[in-house]
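Add 17 to a position in the sequence shown, counting from 1, and you land on the number used in our numbering. Every residue gets a Cβ at the ideal spot worked out from N, C-alpha and C, and that includes glycine. Since we're looking at a predicted model, the values are computed, not measured.
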Amino acid sequence: MLRQLTAQDVPQLLKVESACQLAPWSDEVFKKCLEAGSTGWVMEFNGNIIGFILILSQVDEVHILNFGVHPLHQHQGWGKQLLTHMLQNIINQGEKFVYLEVRRSNHHAIALYEKMGFNKVGERKDYYVSLDQREDALVFAKRLIIK
Ligand SMILES: CC(C)(COP(=O)(O)OP(=O)(O)OC[C@H]1O[C@@H](n2cnc3c(N)ncnc32)[C@H](O)[C@@H]1OP(=O)(O)O)[C@@H](O)C(=O)NCCC(=O)NCCS
């Protein structure tokens, strides 16, 4: 089941996040994002959250802040469903542009974004920093309404 994400979902989001992200967000980061106006959707399977997408709507454009599917449920179409649902919602709201950053090495996610009509529009050097490594981000974007 796909439904709107709420602040009560944060404990379950943390479980998905820690299982699927190289540098998982903390409880505090999720809460701050939601307090700052981020919205999103979760995918539930047998009553448990198995995936989510979190976005921030700005003037005419949407930034995908976080997106993940638990590894036990990956490559079964859930990510594509979450992304498709989010895109339909923001198109209905009149948003014109959506963008995101993705690790250069994240070939699965990049393949999905390209399949969904996103194009690479830039790079951010050393965007992802952890104790022992740095990695560039590729910026992908999709125009939603062509004037
Ligand atoms: C990226 C992610 C959200 C995709 O979710 P998913 O549910 O696995 O994706 P889907 O099953 O809907 O797959 C859609 C497409 O993604 C690509 N893909 C996803 N998993 C893949 C895999 N294991 N191998 C190859 N391609 C894969 C394929 O292009 C696939 O299309 P196909 O099924 O027609 O081959 C998920 O892999 C994930 O959580 N990864 C870790 C966190 C992450 O990278 N988040 C995005 C950060 S920008």
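Reduced DSSP category for residue i - H, G, I as helix; E, B as strand; rest coil
i	result
H102	helix
H92	coil
L39	coil
Q29	helix
I127	helix
Closer than 7 Å: residue i CB and nearest ligand 1 heavy atom
i	result
W95	yes
F84	yes
Q38	yes
V146	no
N63	no
L117	yes
G54	no
Supposed contact pair residue j and residue i - C-beta distance, whole angstroms, cut 8 Å
i	j	result
H92	G68	That belief does not hold up - the Cβ atoms of H92 and G68 are roughly 12 Å apart, past 8 Å.
M103	I127	Incorrect: roughly 17 Å between the Cβ atoms, too far for contact.
F114	D77	6 Å
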